[in-house]
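Okay, structure first, notes after.
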Amino acid sequence: MRVLRTAVAASVVAAVAITTLVGCGPSAAPTRAEVAVPGDAPTIAAALELVSPGGVIEIAAGQYDEQVVVDKPDVTIRGGDRNATVIDGGGIRPYGIVVIADGVRIENLTVTRATFYGILVTGLHDGDGPASPGADGYSGWDPEAFPPLQRFEVDHVTAHNNGLYGIYAFNAQHGVIRDSYASGSSDSGFYVGQCENCDILVTGNVAERNAVGFENANASDSVVIVGNRFSGNRVGMTLLSSYQEAFTPQRGNLVVGNLISDNFSTNSPSQAEGGFATGVGISGGQQNVFERNRITGNTRAAVILTNTEDLAALGNRFVDNVIDDAVSLANLSAARTPASGNCWPDAGLTVPQELAAQLGPSCEDGGQQSAATALEGPAAPDGVSFLKVAPPRDQPQLARAAQYLPLPASPELPDLTSVGVPGNDLYADRAGVR
Amino acid sequence: MRLAARLTAVGLALALLTGCTSDSAEPAPRAVTSAEAQLLAIARFQNFEARTRPFETSFTLSGVDVTMRGWVDYVAKLGYASVEGDFGTEAVLWTDSSLGAVPQAADSDGYPTFPIPALDEPLWQIQELDATSSALGALVATISALGSDRPDNPLLLQQSGALWLRDDEIDGTPVTVFAAPASDAPLEDGVDAVDPDASTLRLWLDSTGLLRRAEVALNDTWTIIDFPDLIGPELSLPEGTG
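For the record, the sequence lines run as chains A and B. So for the first sequence, the working numbering puts the first residue at 47; every next one is plus one. So for the second sequence, the working numbering puts the first residue at 28; every next one is plus one.
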């Protein structure tokens with residue numbers, strides 16, 4: 047998304063300028079491995095000045111009206127109480143926390159009421175000077191000029207009532223978004239975008255009351271989405287190819303053991319693209335694998351395939367998922383960009399007979415699939431202001447680790463063969479929509 | 028994308044002002060700061076938050092001076108107002124796509140009365156809302172475009188040339204007056220080269236980003252739309268198919 051990316055670049059410029067100015071003081075204080083807020087530093091920004099690379103900032107319970115830019119590598123930023131350590135954007139600041147350094151951990155805190163992003167992890171910066179797109183916007187942007195941020199971890203973070211996105215990783219690799227919670231986002235609760243060989247694990251998260259629970263645009267290969275609850279949003283999850291970002295087409299995600307249910311939320315912001323009450327939307331996504339997910343109660347369709355301009359929905363495979371939706375698969379691809387090779391041998395009778403007959407053989411022959419021009423579904427209710435969506439219930443705490451070693455070069459993946467179809471009650475105790 | 032474009036010239040083909048009378052005592056327009064851009068970026072969202080905003084404006088409609096008072100509901104995407112001129116008073120109702128008018132007296136404050144007449148009432152005249160065909164169409168389309176269910180992009184507003192014009196006040200409330208960007212395209216020559224008279228939309232915002240006044244250039248005149256800080260009724264379409 048060009049607009050979003052523009053915002054990221056300029057915000058990073060501002061952040062760099064600010065830190066440069068602060069660094070011009072008469073004598074820089076020595077940095078420390080451990081900084082307490084507010085004990086050692088009154089604000090999180092001041093703590094970031096004080097902490098050493100690789101150090102830990104522990105933030106006591108309290109409300110912090112700040113926009114935090116993390117530009118030191120391998121720092122851990124930790125709340126003393128996940129539900130009571132709150133970074134508050136006040137409905138005016140665009141970001142809660144922006145991570146632009148490698149190896150940063152964010153854990154056990156809440157970010158709320160930012161107008162754009164609760165947590166933003168991005169490699170779109172050059173470290174000491176402007177990262178500007180130029181007059182042609184991002185259409186001519188060269189990703190090699192902005193190498194992806196390396197290694198990140200967002201763990202036990204609550205991101206609620208943020209304007210566009212809760213937790214957002216862009217142009218980043220080798221990261222984890224784990225056991226976190228996002229609600230009330232006008233775009234998506236969780237977002238992973240623009241990376242190849244991403245090596246990103248998204249697991250144990252709860253997204254509800256968002257326009258979209260989880261969104262991926264152009265994040266490909268090695269994105270593993272396992273054991274999440276994407277329920278009670280307007281749309282559960284989307285895998286999108288987008289020409290407004292680099293690295294089309296989106297491809298090669300593993301989506302295993304998730305609960306994607308009852309996505310017809312009314313207490314949520316409106317969803318821009320239509321498709322209210324859909325479990326999974328794939329637009330120009332390719333070679334993604336869905337295994338052992340429970341995709342139920344999505345009253346438009348469990349899965350919808352469409353194209354993105356000339357990029358077809360291609361070769362997506364569905365294996366051993368549990369579906370009870372009235373429509374398990376709808377193919378709304380344009381005639382000029384037909385879906386093909388999408389494979390779902392046990393999709394059952396809830397797809398049009400002609401399409402159903404093609405989904406089995408497509409596993410072998412990659413054949414084209416017949417498309418519908420429209421799909422009936424419930425009318426989308428009025429959207430709710432992102433600031434007025436119901437707040438979450440208290441979320442589980444993450445105890446402080448004995449030691450914070452640097453994040454590994456690659457996140458440890460769970461054994462996916464041991465992940466079964468989740469129950470309807472997966473993380474129900476963390477959800478307000480049940 | 029849908030975020031920032033709508034705060035530019037709100038999609039209307041409005042004639043530029045010819046000539047400019049700039050009081051030399053006025054401060055020089057300048058690029059907005061980051062904090063000002065953030066305020067401007069939430070202005071349309073604050074209208075959505077408020078849901079319904081009362082408004083009042085005077086303009087010339089087919090050569091007749093008229094006053095229009097009413098409400099715009101940014102959640103329901105409906106406007107309902109009373110238009111008074113020497114042709115008699117009418118109530119107007121509009122959606123994103125349609126504009127209707129029906130003869131109806133205003134209340135003692137000049138606002139239209141409820142219930143909104145049913146749409147199968149034969150005196151309704153309903154047409155497609157065309158912002159280019161009449162001053163009324165342009166004005167109500169402008170008013171409707173001043174709300175959005177999500178914030179605009181503050182950085183894009185800065186990059187595309189939003190300007191700080193001056194500090195002012197309305198009814199004792201301090202406000203900042205901004206010129207919205209004339210286009211959402213990034214500037215090639217820098218903000219310093221922006222012509223403040225190229226913008227056809229000026230917004231007066233209080234310190235919370237609440238819109239208190241908009242000025243829009245219609246033909247060769249700035250039309251002022253006041254938005255008093257008062258609660259307004261939630262609107263809904265009346266019965267009937269129209």
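Heads up, the beta-carbon is just placed ideally off N, CA and C, and yes, glycines get one too. Values in this document were obtained by computation on a predicted structure and should not be read as measured data.
Practice problem: List the endpoints of the continuous beta strand (DSSP E) containing Cys241/A. | Solution: Counted from its first residue, the first sequence places residue 241/A at position 195. Residues 234–241.
Practice problem: Quick one: measure Cβ to Cβ for Pro81/B and Leu190/B, integer angstroms, because I've assumed they're closer than 8 angstroms. | Solution: Residue numbering aside, residue 81/B sits at position 54 when the second sequence is read from its first letter. Residue numbering aside, residue 190/B sits at position 163 when the second sequence is read from its first letter. Their Cβ separation, rounded to whole angstroms, is 27 angstroms, which puts Pro81/B and Leu190/B out of contact at 8 angstroms.
Quiz item: Cβ of Glu76/B less than 9 angstroms from any chain A Cβ?
Solution: Mapped onto the second sequence, residue 76/B falls at position 49. Closer than 9 angstroms to the CB of Glu76/B there is at least one CB belonging to chain A.
Quiz item: Taking just the CA atoms, how far does Arg240/B sit from Ile197/B?
Solution: Locating residue 197/B in the second sequence gives position 170, where the first residue counts as 1. Locating residue 240/B in the second sequence gives position 213, where the first residue counts as 1. C-alpha separation (whole angstroms): 8 angstroms.
Quiz item: Looking at the structure shown, is Ile170/B part of a helix, part of a strand, or coil, going by DSSP?
Solution: Position 143 of the second sequence holds residue 170/B. In the structure shown, Ile170/B sits in a helix (DSSP, three-state: H, G or I).
Quiz item: So, is the C-beta of Arg224/B closer than 9 angstroms to a C-beta in chain A?
Solution: Numbered from its first residue, the second sequence carries residue 224/B at position 197. The question names Arg, yet the displayed sequence has Asp at residue 224/B. Residue-level contact check: Asp224/B does not touch chain A, since none of the beta carbons of chain A fall below 9 angstroms from its beta carbon.
Quiz item: When Cβ atoms are compared, which residues of the segment 97–125 of chain B fall closer than 8 angstroms to chain A?
Solution: Taking 8 angstroms as the Cβ-Cβ cut-off against chain A, the residues of the segment 97–125 of chain B that qualify are Val102, Ala103.
Quiz item: What's the call for Asp392/A, buried or exposed, on a 16-neighbour Cβ count within 10 Å?
Solution: Here residue 392/A corresponds to residue number 346 of the first sequence, with the count starting at 1. So Asp392/A ends up on the exposed side.
Quiz item: Which two residues bound the contiguous beta strand (DSSP E) that contains Ser98/A?
Solution: Against the first sequence, residue 98/A aligns to sequence position 52. From DSSP, the beta strand (DSSP E) with Ser98/A extends over 97–105.
Practice problem: Measure from the alpha carbon of Ala358/A to the alpha carbon of each residue in Arg124/A, Asp371/A, Ser314/A, Arg297/A, then state which is nearest. | Solution: Taking the first residue of the first sequence as 1, we reach residue 358/A at position 312. If we check each option's Cα against that of Ala358/A, Arg297/A comes out closest.
Quiz item: Under the rule that 16 or more other beta-carbon atoms within 10 Å means buried, what is Ala135/B, buried or exposed?
Solution: For the purposes of this step, residue 135/B is taken as the residue at position 108 of the second sequence. First, the residue type needs correcting, since residue 135/B is Ser and not Ala in the sequence shown. With fewer than 16 other Cβ atoms within 10 Å, it is exposed.
Quiz item: Taking the alpha-carbon positions, what's the Asn362/A to Gly259/B distance?
Solution: As a position in the first sequence, residue 362/A is number 316, starting the count at 1. As a position in the second sequence, residue 259/B is number 232, starting the count at 1. About 50 angstroms.
Self-check item: Interface partners of Phe432/A on chain B, CB under 9 angstroms
Solution: In the first sequence, counting from the first residue as 1, residue 432/A sits at position 386. Simply Phe72, Asp176, Arg177, Pro178.
Quiz item: Which of helix, strand or coil does DSSP assign to Thr116/B?
Solution: For this step, residue 116/B is matched to residue 89 along the second sequence. Coil.
Quiz item: When the distance is taken between beta carbons, is His206/A closer than 9 angstroms to Gln443/A?
Solution: On the first sequence, position 397 is the one that residue 443/A refers to. On the first sequence, position 160 is the one that residue 206/A refers to. The answer is no: Cβ separation not under 9 angstroms.
Quiz item: By how many angstroms is the C-alpha of Glu148/B removed from the C-alpha of Val204/B?
Solution: Reading the second sequence from its first residue, position 177 is the one you call residue 204/B. Reading the second sequence from its first residue, position 121 is the one you call residue 148/B. The C-alpha of Glu148/B is placed about 42 angstroms away from the C-alpha of Val204/B.
Practice problem: Apply the 10 Å Cβ neighbour rule to Ala118/B and answer buried if 16 or more other Cβ atoms are within range, or exposed otherwise. | Solution: Translated into the one-based positions of the second sequence, residue 118/B becomes position 91. Flag for Ala118/B reads buried.
Self-check item: Where Gly394/A sits in the DSSP three-state scheme
Solution: Taking the first sequence and counting its residues from 1, one reaches residue 394/A at position 348. Gly394/A sits in a helix when the DSSP states are folded into three classes.
Quiz item: Quick one: what's got a C-beta closer than 6 angstroms to Ala265/A's C-beta in the same chain, skipping five residues either side?
Solution: Walking along the first sequence from the start, residue 265/A turns up at place 219. Non-local beta-carbon contacts of Ala265/A in its own chain, meaning distances under 6 angstroms to residues more than five positions away in sequence, involve Val238, Gly239, Cys241, Cys244 in chain order.
Quiz item: Which first and last residues belong to the beta strand (DSSP E) in which Arg255/A is found?
Solution: Taking the first sequence and counting its residues from 1, the one referred to as residue 255/A is at position 209. First-last for Arg255/A: undefined, no H or E at that position.
Quiz item: Taking Ala323/A as the reference, which of Ser374/A, Asp86/A, Pro398/A has the closest Cα?
Solution: In the first sequence, residue 323/A corresponds to position 277, counting from 1. Each of Ser374/A, Asp86/A, Pro398/A was checked against the Cα of Ala323/A, and the nearest Cα belongs to Ser374/A.
Quiz prompt | Under 8 angstroms by beta carbon: chain B residues contacting Ile138/A | solution = Here the question's residue 138/A lines up with position 92 in the first sequence. Here the neighbours are Gln65, Leu66, Ile69, Gly236.
Quiz item: Can the beta-carbon of Ala112/A be found less than 9 angstroms from the beta-carbon of Arg446/A?
Solution: Stepping through the first sequence from its first residue, residue 112/A is reached at position 66. Stepping through the first sequence from its first residue, residue 446/A is reached at position 400. Checking the sequence shown, residue 112/A turns out to be Glu, not Ala. Against a cut-off of 9 angstroms, the Cβ pair of Arg446/A and Glu112/A comes out as no contact.
Quiz item: What do you reckon, are the CB atoms on Asn344/A and Phe364/A nearer than 9 angstroms?
Solution: Position 298 of the first sequence, counting from 1, holds the residue named residue 344/A. Position 318 of the first sequence, counting from 1, holds the residue named residue 364/A. No Cβ-Cβ contact shorter than 9 angstroms links Asn344/A with Phe364/A.
Quiz prompt | Listed by chain order, chain B residues near Asp475/A by CB distance under 8 angstroms | solution = Taking the first sequence and counting its residues from 1, the one referred to as residue 475/A is at position 429. Residues of chain B passing the Cβ test: none, with the nearest at roughly 30 angstroms.
Quiz item: Looking at C-alpha atoms only, which residue of Pro407/A, Val479/A, Gln449/A is the closest neighbour of Val435/A?
Solution: For this step, residue 435/A is matched to residue 389 along the first sequence. With distances taken between Cα atoms, Val435/A lies closest to Val479/A.
Quiz item: Applying a beta-carbon distance threshold of less than 8 angstroms, which residues of chain B neighbour Asp225/A?
Solution: Counting from one through the first sequence, the residue named residue 225/A turns up at place 179. In chain order: nothing, as chain B lies at least about 27 angstroms away.
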